[in-house]
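Here's the structure we're looking at; comments come further down.
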Amino acid sequence: MWINSFNNFRAIAIVFIVAAHSYGISGVQRTDFFDYFISNIIAGGTSLFVFISGYLFYEVFYKNFDYISFLKKKANNVLLPYLFLGIVPISVYLVFIQGEFNGYFDATQPGLIHEYLIPSIKYYVSGRFLPAYWYIPFILITFVLSPLHVRYANLSLRLQIITIFSLCTVAVLVHRPVENVNVFQSLFYFSPVYLIGITTAINKEYVYSSLKGKDGFLLAIVVGLAGLQASLGLYGNFHKPAFVYSGVDIVFIQKIFMCFFFMIFLHRFENYSNKLLCTLASTSFSVFFIHPYIIQAWPKLGLGSIGQGSWLVFLFTVVMICSMSVVLAKTAKLIFKRHSRMVVGY
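Just so you know, the working numbering puts the end of the sequence shown at 339, numbered straight through with nothing missing.
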């Protein structure tokens, strides 16, 4: 099902994700309120992606849901490129790099199984071998749990709201996992966002009519929460062990409001098609897979030290990484043709 506003939303979401990984290579130093504020606006872009995924799950798959067919499609489009693109970085870690995450991935005993097989499994299960790749184990588990999401969609609105409220309460308290290693903590954190996407899709007409013209109000809440977090001297995502109390995750709440802001705002342009956004949206998952490689290679090109502390250079960096990722995705499409989706997700 083609929903133009959500297609544009997907393009914007991937820009947020790329931006969140571009601080180090652009040389931005976050030292004052403005820096913190911008960082808080950018932080947590994954929630936008998850909200869209939940929304589209209902719109595209729910009505004629076929679990096996659904999993096969996700295995081809998500799991296979993840496994393929993980080979090189995991091999580099196994051969050249030790001590990551306090030695969690290191061999505990000599031998092929303990030195290579078990660490490889740990890397693939956690996704801790490239920036952003932790998302894939989480979303794959989410796909496996899709029969539960179908049952959720059949619940009354009252029960859905109770479920969402309960899971959101857990999410704002457990926060995201340290180094994004704990996939089950990520599942607890992001699942309510996915469910919000489903409930929103079910009740989209009511949501659109109720929030029509209120996108400015939603944006004001987003800005206010980002400013509140900055005023507390905090920026970025909240990460911690699940059972250690460390306050309320402001970014989680902020991004829920941002999801609705973009949903309502972009609905204004439902009949407007932008070629740039369409291109970025159609290659968004490839951009997700490819941009960490570019980020790793960026310093080797001697670009990391240009314009230290400049947000303008940061913007340039994000645009360049997105553009290069799209070009590489298109190139892969030309080379691998119909098999490119299983290689780079496009």
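Backbone N, C-alpha and C fix where the C-beta goes; we use that ideal spot for every residue, glycine too.
For residue i, three-class secondary structure by DSSP
i, result
"His284", "helix"
"His168", "coil"
"His332", "helix"
"His14", "coil"
Start and end residues, alpha helix (DSSP H) containing residue i
i, result
"Thr104", "Note on identity: in this sequence residue 104 is Gly, with Thr being the wrong assignment. Taken as a continuous stretch (DSSP letters only), Gly104 belongs to no alpha helix (DSSP H), as it is neither H nor E."
"Asp59", "Unbroken run through Asp59: none, as it is neither H nor E."
"Ser202", "197 to 204"
"Lys268", "268 to 275"
"Gly217", "208 to 224"
"Asn33", "26 to 35"
"Phe89", "73 to 89"
"Tyr117", "111 to 119"
"Tyr128", "128 to 137"
"Tyr48", "39 to 49"
Per DSSP, cross-strand counterpart(s) of residue i
i, result
"His260", "Looking at the DSSP assignment, His260 forms no beta bridge with any residue, so it has no partner."
"His142", "Paired residues: none, contrary to the question."
Contact check, residue i vs residue j, beta carbons under 9 Å
i, j, result
"Gly96", "Leu123", "no"
"Phe245", "Tyr182", "yes"
"Gly38", "Phe9", "yes"
"Ala12", "Ile45", "no"
"Gly120", "Asn173", "yes"
"Val366", "Pro185", "No answer is possible for residue 366: the residues shown for the chain start at -6 and end at 339."
"Ser15", "Thr310", "yes"
"Asn70", "Met335", "yes"
"Tyr265", "Asn0", "no"
"Pro170", "Ala235", "yes"
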